[in-house]
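**Student:** Residue numbers (our numbering): 6 to 608. Note that beta-carbon positions come from the ideal geometry of N, C-alpha and C, so glycine has one too.
1) In chain order, what residues of the same chain have a beta carbon less than 7 Å from the beta carbon of residue 253, not counting five sequence neighbours either side?
2) Kindly list the residues whose CB is nearer than 7 Å to the CB of residue 201, restricted to its own chain and excluding five residues on each side of it in sequence; keep chain order.
3) Do residue 64 and residue 130 have their CB atoms nearer than 8 Å?
4) Thinking C-beta only, is residue 171 closer than 8 Å to residue 132?
5) With a threshold of 8 Å, are at least 3 pairs of Cβ atoms found where one atom belongs to the segment 103-115 and the other to the segment 50-64?
6) Answer with buried or exposed for residue 499, where buried requires no fewer than 16 other C-beta atoms within 10 angstroms of its C-beta.
7) Cβ atoms of residue 207 and residue 316: under 8 Å apart, would you say?
8) Going by DSSP, what residues sit across from residue 561 in a beta bridge?
9) Skipping 5 residues on each side, what residues in its chain have a beta carbon closer than 8 Å to that of residue 289?
10) Should residue 449 be labelled buried (16 or more other beta-carbon atoms within 10 Å of its own) or exposed?
11) Looking at the secondary structure, which residues open and close the beta strand (DSSP E) in which residue 535 lies?
12) Using DSSP with H/G/I as helix, E/B as strand and the rest coil, what is residue 442?
13) Going by alpha carbons, who is nearest to residue 147 out of 236, 186, 565 and 73?
14) Among 195, 454, 275 and 230, which residue has its Cα nearest to the Cα of residue 626?
15) What residue range does the alpha helix (DSSP H) around residue 160 cover?
16) Grab me the residues of residue 478's own chain with a C-beta within less than 7 Å of its C-beta, minus the 5 sequence neighbours each way, in chain order.
17) Taking 8 Å as the cut-off, decide whether the C-beta atoms of residue 513 and residue 452 are in contact.
18) Starting from the C-beta of residue 406, find all residues in its chain whose C-beta is less than 7 Å away, skip the five residues before and the five after it, and write them out in chain order.
19) In the structure shown, what three-state DSSP assignment does residue 244 receive?
20) Between which two residues does the alpha helix (DSSP H) carrying residue 149 extend?
21) At the level of alpha carbons, what is the spacing between residue 352 and residue 210?
22) Tell me the residue span of the alpha helix (DSSP H) that contains residue 326.
23) Compare the C-alpha of residue 304 against each of 112, 118 and 215 and name the closest.
24) Measure the C-alpha to C-alpha separation of residue 373 and residue 469 and round it to an integer number of angstroms.
25) Counting along the chain, where does the alpha helix (DSSP H) carrying residue 289 start and finish?
26) Thinking C-beta only, is residue 160 closer than 8 Å to residue 149?
27) Rounding to the nearest angstrom, what Cα-Cα distance links residue 438 and residue 198 in this structure?
28) The alpha helix (DSSP H) spanning residue 547 covers which residue range?
29) For the candidate residues 419, 361, 390 and 545, whose alpha-carbon lies nearest to that of residue 347?
30) Find out if the Cβ-Cβ distance for the pair residue 119, residue 181 is shorter than 8 Å.
31) Is residue 332 near the ligand ADP, going by C-beta to nearest heavy atom under 7 Å?
32) Please look up how many angstroms separate the CB atoms of residue 345 and residue 359, rounded, as I've assumed it's under 8 Å.
33) Buried or exposed: which applies to residue 534, given that a residue is buried once 16 or more other Cβ atoms fall within 10 Å of its Cβ?
34) Run through DSSP, which three-state label would residue 543 get?
35) Anyone know if the C-beta pair for residue 425 and residue 527 falls short of 8 Å?
36) With a Cβ-Cβ cutoff of 8 Å, do residue 397 and residue 421 count as a contact?
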C-alpha cells in the first residue's frame with residue numbers, strides 16, 4: 006500500500022512538471038501541438054493508471070515467486086500479498102489492453118494525435134515513472150550482486166518488470182512522437198541521469214580518497230561497501246544520462262526548454278554545489294591552520310573533506326559543461342547576447358551575492374562575539390566563526406564579481422537593450438525588495454530584544470551578544486538593498502521619457518521572431534509582429550526600429566517597410582474603427598469599370 010501511494014505521488018509530481026514544461030514549450034515558439042479534449046485526457050490517464058497498476062502487480066508476483074524459489078518456501082505463503090498483486094494484474098491488464106486499442110486506433114486514424122498534449126503527457130509520465138522505479142531496483146540488485154546488501158530477489162523482479170515497461174514506452178516515444186514534442190521527456194530523463202551520476206561520482210571519489218588517506222567517516226559501515234554502492238549509483242546514472250542526453254537531447258538546437266535545463270543544471274545546481282563544497286572545505290583548512298579545531302586529530306577533523314572536494318569539483322564541472330551549452334547558436338534567436346545569457350549572469354550574481362552576504366553576516370557575528378567574549382557561553386569560538394566568514398567571502402565575492410563584471414561589460418557595449426531587459430530590471434528590483442524585507446525583519450528582531458531587556462532592566466553585554474545574528478543580517482541586508490536601489494534609480498533616470506510613453510508597437514512584415522522581443526526590451530512597450538506570408542522577410546535592426554519608435558509622437562506605432570527603409574507611423578488604437586464597405590452588384594453582361602480605367606463584362 007505504501008509503495009502504491011508513493012507511486013501515485015511520484016506520478017502527480019511528474020504530471021505537474023509535464024504540464025509546466027509543455028506550457029513553456031508552447032510559449033517558446035515551437036510548432037503548436039493539438040489541444041486534447043477532456044475525454045482524450047481521461048483516456049490517457051486511465052491507460053497510465055492501468056499500466057502502473059499492472060506493473061506493480063506483476064513485479065509483486067514475480068518477486069514473490071523468486072523469493073519463494075530462493076528460500077525454498079511454499080508458494081502459498083503470503084496469500085494476502087499474492088491476492089493483492091493478482092487483483093492488480095487481473096483488473097489492470099485487460100483494462101490497459103482495451104484502452105490501449107482505443108488509443109492505437111486514434112493514433113492511426115489521426116496523425117495530429119501524436120502532437121497532442123495528452124499523448125505527450127502520457128508518454129512522458131509512462132517513461133519517466135518506470136525509469137525511476139527501475140533505477141532504484143537495479144541499484145538494489147547491484148548491491149546484492151556486489152555483496153554489500155542482503156539477498157533481495159524482489160528487487161530483481163522489480164528491475165525486470167519496470168525496465169520492460171520503460172523500454173516499451175521508450176520505443177513508443179521514439180517511433181510515434183515528433184522530435185519537437187519529445188523534448189520534455191528527454192530533458193526529464195537527462196536530469197534524472199545527471200543527478201544520479203553526480204551523487205555516484207561524489208561518493209566514488211570521496212570514498213576512494215577516504216580509503217587512500219585512511220579517513221573513517223562511519224565506524225559502523227565498511228568503506229569498501231560504501232565505495233561499491235557509490236560505484237553502482239555512478240554506473241546507473243551514467244548509463245541513463247548517456248542514453249537520454251548524450252545520444253538524443255544534446256544534439257537538439259537551443260530552445261526555451263534546453264536553455265532552462267542548462268541554466269538549472271549548470272548555473273543553479275552547479276554553482277550551489279560548488280560554492281557549498283568549496284566554502285566548507287576551505288573553512289576546514291582555515292580552522293585547522295589558524296583556528297581552534299574541536300577534533301583531536303587531523304583524520305577526524307578532515308573526515309568530510311574528500312567528499313566536500315568531490316562536491317566542489319562536481320559543481321565546477323556542471324557549471325563548465327552546461328554554460329558551454331548556452332554558447333551554441335539558438336534556433337530562433339539573433340546572434341549575440343540573449344535573455345538566456347542574461348539569466349545565466351544574473352542568477353550567478355545572485356548566488357555569489359548570497360554566499361557573500363552569508364560571509365558578511367558571519368563576520369559581524371564574529372566581531373560581536375569578540376567584543377562580548379567576557380559573557381560568552383560555551384560554543385563556537387569567535388576565531389572559528391571569523392574564519393568561516395572569510396572562507397565564504399573568498400568564494401562568494403569572486404563568483405559574484407565575475408558574473409557582475411560580465412553583465413556590466415554588456416551594459417557598456419549595448420547599454421540600451423541591456424539596461425531595458427526584463428532580466429536586469431527584475432534582478433535589481435528583486436534584490437532591492439528582498440534586501441528591504443530582510444532588513445525590516447531583522448530590525449524588528451533587534452528592537453524586540455532591546456525593548457524586552459529594557460523593560461526587564463537587564464540591558465547588558467549579553468543583550469548585544471543575543472543580537473549578533475540580527476545585527477549582522479540588518480547591516481548586510483541594508484547595504485545590499487541600498488546599493489542596488491541606487492543603481493536601479495540611476496539607470497531608470499537614463500531611460501528616455503519619450504520611449505516610456507509608447508504603449509503598443511506593431512511590426513508589419515518583420516521576418517525575425519526575436520526582433521519583437523528586442524524592441525520590447527528596449528522600448529518597454531507591448532510589441533506585436535505580423536510576418537509576411539509571401540516569403541519576403543524584412544531584415545530590420547532592433548536599434549533602428551527602437552529609435553523610430555522613440556521619435557514617434559503618439560503612444561501607438563505601426564512600423565512598415567518603405568523603399569527608403571522602415572517607417573514608424575503613429576496611430577491611435579483607442580479611436581480606431583472598422584468601416585463597412587459595400588460593393589454594388591453588377592448584373593451579368595453589364596459593363597463594369599476595371600481597375601485600369603477600362604471596362605470589363607461579367608458573365
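**Tutor:** On the basis of the data shown:
1) 191
2) 140, 238, 241, 242 and 245
3) no
4) yes
5) yes
6) exposed
7) yes
8) 509 and 576
9) 306, 307, 309, 310 and 313
10) exposed
11) 531-535
12) helix
13) 236
14) Since the displayed the chain opens at 6 and closes at 608, residue 626 lies outside it and no answer follows.
15) 158-181
16) 366, 443 and 447
17) no
18) none
19) helix
20) 122-150
21) 29 Å
22) 310-330
23) 215
24) 7 Å
25) 276-295
26) yes
27) 37 Å
28) 547-556
29) 419
30) yes
31) No copy of the ligand ADP appears in this structure; indeed no ligand is present at all.
32) Contact flag wrong, Cβ pair sits at about 21 Å.
33) buried
34) strand
35) yes
36) no
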